[in-house]
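**Student:** So the sequence lines, in the order shown, correspond to chains A and B. For the first sequence, our numbering begins at 1 and goes up steadily by one. For the second sequence, our numbering begins at 1 and goes up steadily by one. Positions of the beta carbon are idealized from the N, C-alpha and C atoms, including for glycine.
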Amino acid sequence: MTRGHVITTFVVALAALAAAAPPASLSAETTRLVTTSADLKALVEAVAGDRVEVESLTTPDQDPHSIEVKPVHLARLRSAALVVKIGLDHEPWLARLAAPQVPVLDVSKSVRLLQTETPRLRVERRAHVHAYGNTHFWLDPRNAEPITGAILAALVMLRPAEKTSFEANRDAFLHRLNSKIDEWEAALKPYRGTRVVVVHDSWAYFAERFGLQIVAAAEPNPGVPPSPAELAALFTRMREAGVRILIAEPHANPALVRSIAEKTGAKPVTLIPSSFDYIGLFEDNVKRLAAALTTG
Amino acid sequence: MVELLLWPFVAGLVLTGIHAYFGLHVLARGVVFVDLSLAQVAALGLAVAILAGHSVQSEAGYWYAFAFALGGAVLFALARPHERALQQEAVIGIVYAVSAALGVLALDRAPQGAEHIKQLLIGSILTVTPQEVGQLALLYGVIGIVHVIFRQPLTEVSFDPLLAAARRRRVFLWDVVFYGSFALVVTSSVRIAGVLLVFSYLIVPAAIAGLIARRLVRRLVLAWALGAALTALGLYAAWTWDLPTGPAIVTAFGAATASVAIGLSVPRLTTRKVSTFAGVVFALAGLLLIAFPDMDQPWLDALEDAAPSVQTTFLTSGERMTRLAAVESIDQARAELARLRAIEQDVRWGKIPMEADKAERLRQYLVGRTEISAGDQLVLKQLRRKARARQRFGLGLPLLLLGAGTLYAMGRRRD
Numbered sequence: 001m002t003r004g005h006v007i008t009t010f011v012v013a014l015a016a017l018a019a020a021a022p023p024a025s026l027s028a029e030t031t032r033l034v035t036t037s038a039d040l041k042a043l044v045e046a047v048a049g050d051r052v053e054v055e056s057l058t059t060p061d062q063d064p065h066s067i068e069v070k071p072v073h074l075a076r077l078r079s080a081a082l083v084v085k086i087g088l089d090h091e092p093w094l095a096r097l098a099a100p101q102v103p104v105l106d107v108s109k110s111v112r113l114l115q116t117e118t119p120r121l122r123v124e125r126r127a128h129v130h131a132y133g134n135t136h137f138w139l140d141p142r143n144a145e146p147i148t149g150a151i152l153a154a155l156v157m158l159r160p161a162e163k164t165s166f167e168a169n170r171d172a173f174l175h176r177l178n179s180k181i182d183e184w185e186a187a188l189k190p191y192r193g194t195r196v197v198v199v200h201d202s203w204a205y206f207a208e209r210f211g212l213q214i215v216a217a218a219e220p221n222p223g224v225p226p227s228p229a230e231l232a233a234l235f236t237r238m239r240e241a242g243v244r245i246l247i248a249e250p251h252a253n254p255a256l257v258r259s260i261a262e263k264t265g266a267k268p269v270t271l272i273p274s275s276f277d278y279i280g281l282f283e284d285n286v287k288r289l290a291a292a293l294t295t296g
Numbered sequence: 001m002v003e004l005l006l007w008p009f010v011a012g013l014v015l016t017g018i019h020a021y022f023g024l025h026v027l028a029r030g031v032v033f034v035d036l037s038l039a040q041v042a043a044l045g046l047a048v049a050i051l052a053g054h055s056v057q058s059e060a061g062y063w064y065a066f067a068f069a070l071g072g073a074v075l076f077a078l079a080r081p082h083e084r085a086l087q088q089e090a091v092i093g094i095v096y097a098v099s100a101a102l103g104v105l106a107l108d109r110a111p112q113g114a115e116h117i118k119q120l121l122i123g124s125i126l127t128v129t130p131q132e133v134g135q136l137a138l139l140y141g142v143i144g145i146v147h148v149i150f151r152q153p154l155t156e157v158s159f160d161p162l163l164a165a166a167r168r169r170r171v172f173l174w175d176v177v178f179y180g181s182f183a184l185v186v187t188s189s190v191r192i193a194g195v196l197l198v199f200s201y202l203i204v205p206a207a208i209a210g211l212i213a214r215r216l217v218r219r220l221v222l223a224w225a226l227g228a229a230l231t232a233l234g235l236y237a238a239w240t241w242d243l244p245t246g247p248a249i250v251t252a253f254g255a256a257t258a259s260v261a262i263g264l265s266v267p268r269l270t271t272r273k274v275s276t277f278a279g280v281v282f283a284l285a286g287l288l289l290i291a292f293p294d295m296d297q298p299w300l301d302a303l304e305d306a307a308p309s310v311q312t313t314f315l316t317s318g319e320r321m322t323r324l325a326a327v328e329s330i331d332q333a334r335a336e337l338a339r340l341r342a343i344e345q346d347v348r349w350g351k352i353p354m355e356a357d358k359a360e361r362l363r364q365y366l367v368g369r370t371e372i373s374a375g376d377q378l379v380l381k382q383l384r385r386k387a388r389a390r391q392r393f394g395l396g397l398p399l400l401l402l403g404a405g406t407l408y409a410m411g412r413r414r415d
């Protein structure tokens, strides 16, 4: 076989592979949406019902900041009618998945952000890694209202005929959510003003909603272990202030969590930052937190 | 300080004890990266354990990791006789890359483990517990005894393979023993200290000792002393300068290697070499300052920080006043910010009672004050740029001439 033959065979094989691959663009009847997180998928579905197909690029288990981009992601994104993202610097990997023809809805524009000030003079290492504001705003359930509002507007642009149905879906969801929020607030009301320490700085919105006071983050920069002096100061502060609760994520460094719990007597409670079930997420977290606060 | 750093230090001693010894072997065999490779294979084993439904911290996870590392060890022993056809380092590198890639593929199916494995490779020696150190010491004690009992064949196989062959040692068997016990050590150490630190404990003390001493026992004792001293130094630095512990110790190891290398090369230096080097440095610095005055010149920044007159001589008297005012204001702001931040922290932690809106006003004030101070910094930056434009020829040209002159003089001396 000559070199020309080899190349021809290779090209033909590639073409065959490409033909055999699942078609990237699907029938125009179903509108396909892509979200960057499980929570956004849940919120889009709450508005859209079964009228559109929604896929999330990440699962709740993954660290949303660092995703290994796969070909399937690219295909899904290119064939989507709309991409819904958290925004700010939450999904740095999305920039490399550019699909310029697909419109993007940045829901961070619809909510009130926390921690937007960026200290430029670094006097000390601070519990602050978010350059444009804390991105974990979906963890305040009241933010579901503006977020679904933005989603509704975008969906109506896509399928104007179904405006009333979308609106009805959203109203029903918000009604259900709001009555739940009242329950959650009631469950945590006795503990308002309780001081807590978090491992990572992702609970600002949740704490604000339910009246918890976050006094420090044990690992201000995720992945960079705290220095001995920092840790010693944290231990002293926690003992002095009598902080009883340490909020950790499922992927927090277990050695660090254990060490803080042992040295200070604080009770570690693992809260879940993301889920495909938006209401279930808070139901679960509130239950865990209330249990820890009662015994702690 | 002692309360917090005692167990990390003891852990460092235990790690030094076994790794300095293995390091001598590894250097003699010329397989420096075997440790990183085995650690990566162990991480792959852990990823597979997660896929099989075990948690990262579980016993099963540890045994999966060890079994995989042992597999890698056998592979290295198998590859050794074929050194001529395929270098050991190549095999080690391939195993490293492929197991890292396989680990990513495995974790793609079980993403909840990715963070834990990442943490495992970073390690957290600061939060080590006495129990962990005890278990490690026991295990390494046993491995150490085994190696003392079989020191004859193990040493020969590593340090003098020709002699081992002449004596008809079963090289493959002893290679498996060596790499197998090494795999066990690496799997156990990385869990506590992380890849970077374990690698440093393995290579640095043994390498430095090799530069200074010839006999094996002397090298070992020297490596132990070095490992202990550098661990203490790294921990002290982490405490004093508020640094993450593991990276601080690794940096201490790096600094020690550099100082020994410099120390050993100083006696061999001649005036000629030093002058030529200085000439090149001066000429290059001057040239860069003339060609790109706006470029970052860290050496000049450092010089100006140490001796402000290097900058102020190039400023007008008005500019000098501005500079002085800005510096003063930054110092004041720094002191005030530090004081207010301490108060804010006390309020936050409930040590000082303060009404909520007053506390919020304090927070807002801190943010604003920081911005004003950032403005002063900007003024200093602007002045530095102005001075640079004048230093371009006022300082760059003399430097270039000095460097070129030195080089010219050195060139003439040869003739």
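Checking contacts by CB at 9 Å: is V84 of chain A closer than that to chain B?
**Tutor:** no
**Student:** Flag L231 of chain A as yes if its beta-carbon sits less than 9 Å from any beta-carbon of chain B, otherwise no.
**Tutor:** Cβ-Cβ to chain B under 9 Å: yes for L231 of chain A.
**Student:** Any idea if V142 of chain B is buried or exposed, counting beta-carbon neighbours within 10 angstroms, 16 or more meaning buried?
**Tutor:** exposed
**Student:** In the segment 330–350 of chain B, which residues sit with their C-beta less than 9 Å from some C-beta in chain A, listed in chain order?
**Tutor:** I330, A333, R334, L337, A338, R341, Q345, R348, W349 and G350
**Student:** Starting from the C-beta of L401 of chain B, find all residues in its chain whose C-beta is less than 7 Å away, skip the five residues before and the five after it, and write them out in chain order.
**Tutor:** No residues qualify anywhere along the chain.
**Student:** For the segment 338–403 of chain B, list the alpha helix (DSSP H) runs that are entirely contained and at least 4 residues long, ordered along the chain.
**Tutor:** 356–394, all fully within the segment 338–403 of chain B.
**Student:** Is there a C-beta anywhere in chain B that falls below 9 Å from the one on E283 of chain A?
**Tutor:** Chain B, which has no Cβ nearer than 9 Å to the Cβ of E283 of chain A, makes this no.
**Student:** Which residues in the same chain have their Cβ closer than 6 Å to the Cβ of R126 of chain A, if we skip the five residues on either side of it in sequence?
**Tutor:** Residue confidence for R126 of chain A is low, a pLDDT of 47 falling below 50, so the modelled location carries little weight and cannot support an answer.
**Student:** With a threshold of 6 Å on Cβ separation, who are the neighbours of S202 of chain A within its own chain once the five nearest residues in sequence on each side are excluded?
**Tutor:** H136 and P273
**Student:** Could you pull out every residue in the same chain whose Cβ sits closer than 8 Å to the Cβ of L121 of chain A, ignoring the five residues on either side in sequence?
**Tutor:** The predicted model places L121 of chain A with a pLDDT of 43, which falls under 50 and marks its position as unreliable; any figure quoted below should be read in that light. Taken in chain order, the list of residues that qualify is empty.
**Student:** Where does E167 of chain A fall in DSSP's three states?
**Tutor:** helix
**Student:** Taking C-alpha atoms, which residue in A:P141, A:V257, A:P228 and A:Q101 lies nearest to V111 of chain A?
**Tutor:** The alpha carbon of V111 of chain A has as its nearest neighbour, out of A:P141, A:V257, A:P228 and A:Q101, the alpha carbon of A:P141.
**Student:** Counting only C-beta atoms, is D305 of chain B closer than 9 Å to chain A at any point?
**Tutor:** no
**Student:** Going by beta carbon distance, what residues of the same chain come within less than 8 Å of P226 of chain A, once the five residues before and after it are set aside?
**Tutor:** A218, E219, P220, L234 and L256
**Student:** Does the distance from the C-beta atom of R78 of chain A to that of V54 of chain A stay below 9 Å?
**Tutor:** Result no, Cβ atoms of R78 of chain A and V54 of chain A do not sit closer than 9 Å.
**Student:** Just list the residues that DSSP pairs L82 of chain A with in beta bridges.
**Tutor:** A:L33
**Student:** Exposed or buried, which one is H82 of chain B when buried takes at least 16 other CB atoms within 10 Å?
**Tutor:** exposed
**Student:** Between the segment 238–257 of chain B and the segment 281–297 of chain B, do three or more beta carbon pairs fall short of 8 Å?
**Tutor:** no
**Student:** Examine chain B for any beta-carbon lying closer than 9 Å to the beta-carbon of W138 of chain A, and answer yes or no.
**Tutor:** no
**Student:** Starting from the C-beta of M410 of chain B, find all residues in its chain whose C-beta is less than 7 Å away, skip the five residues before and the five after it, and write them out in chain order.
**Tutor:** R272, S275, T276 and G279
**Student:** Can you find a CB in chain B that lies within less than 9 Å of the CB of N253 of chain A?
**Tutor:** yes
**Student:** Can we count E115 of chain B as close to the ligand NAD, meaning its CB is less than 8 Å from some heavy atom?
**Tutor:** With respect to small molecules bound, the structure shown includes none, and the ligand NAD cannot be examined in it.
**Student:** Just to check my reading of the structure: S189 of chain B and L15 of chain B have Cβ atoms closer than 8 Å, yes? What is that Cβ distance to the nearest angstrom?
**Tutor:** 6 Å
**Student:** So, is the C-beta of V47 of chain A closer than 9 Å to a C-beta in chain B?
**Tutor:** no
**Student:** Buried or exposed for P190 of chain A, please, with buried defined as at least 16 other CB atoms from any protein chain shown within 10 angstroms of its CB.
**Tutor:** exposed
**Student:** Closer than 9 Å, Cβ to any Cβ of chain A: which residues of the segment 237–256 of chain B, in chain order?
**Tutor:** A238, W239, T240, W241, D242, L243, P244, T245, G246, P247 and A248
**Student:** Where G280 of chain A and I181 of chain A are concerned, what is the direct C-alpha to C-alpha distance, given to the nearest angstrom?
**Tutor:** 12 Å
**Student:** Assuming I214 of chain A is part of the alpha helix (DSSP H), what are its boundary residues?
**Tutor:** No alpha helix (DSSP H) contains I214 of chain A, which is instead part of the beta strand (DSSP E) from Q213 to A217.
**Student:** Is there a C-beta anywhere in chain B that falls below 9 Å from the one on V196 of chain A?
**Tutor:** no
**Student:** Based on the DSSP output, what are the partners of I247 of chain A in its beta bridges?
**Tutor:** A:V198 and A:V269
**Student:** Hey, does R96 of chain A have any beta-carbon neighbour from chain B nearer than 9 Å?
**Tutor:** no
**Student:** Taking the alpha-carbon positions, what's the R334 of chain B to Y408 of chain B distance?
**Tutor:** 49 Å
**Student:** Pick helix, strand or coil for L51 of chain B, following the three-state DSSP scheme.
**Tutor:** It is helical.
**Student:** Answer with yes or no whether the minimum CB distance from I122 of chain B to chain A is below 9 Å.
**Tutor:** yes
**Student:** Taking the alpha-carbon positions, what's the A164 of chain B to W174 of chain B distance?
**Tutor:** 10 Å
**Student:** Could you run through the segment 42–68 of chain B and flag, in chain order, every residue whose CB is less than 9 Å away from some CB of chain A?
**Tutor:** V56 and Q57
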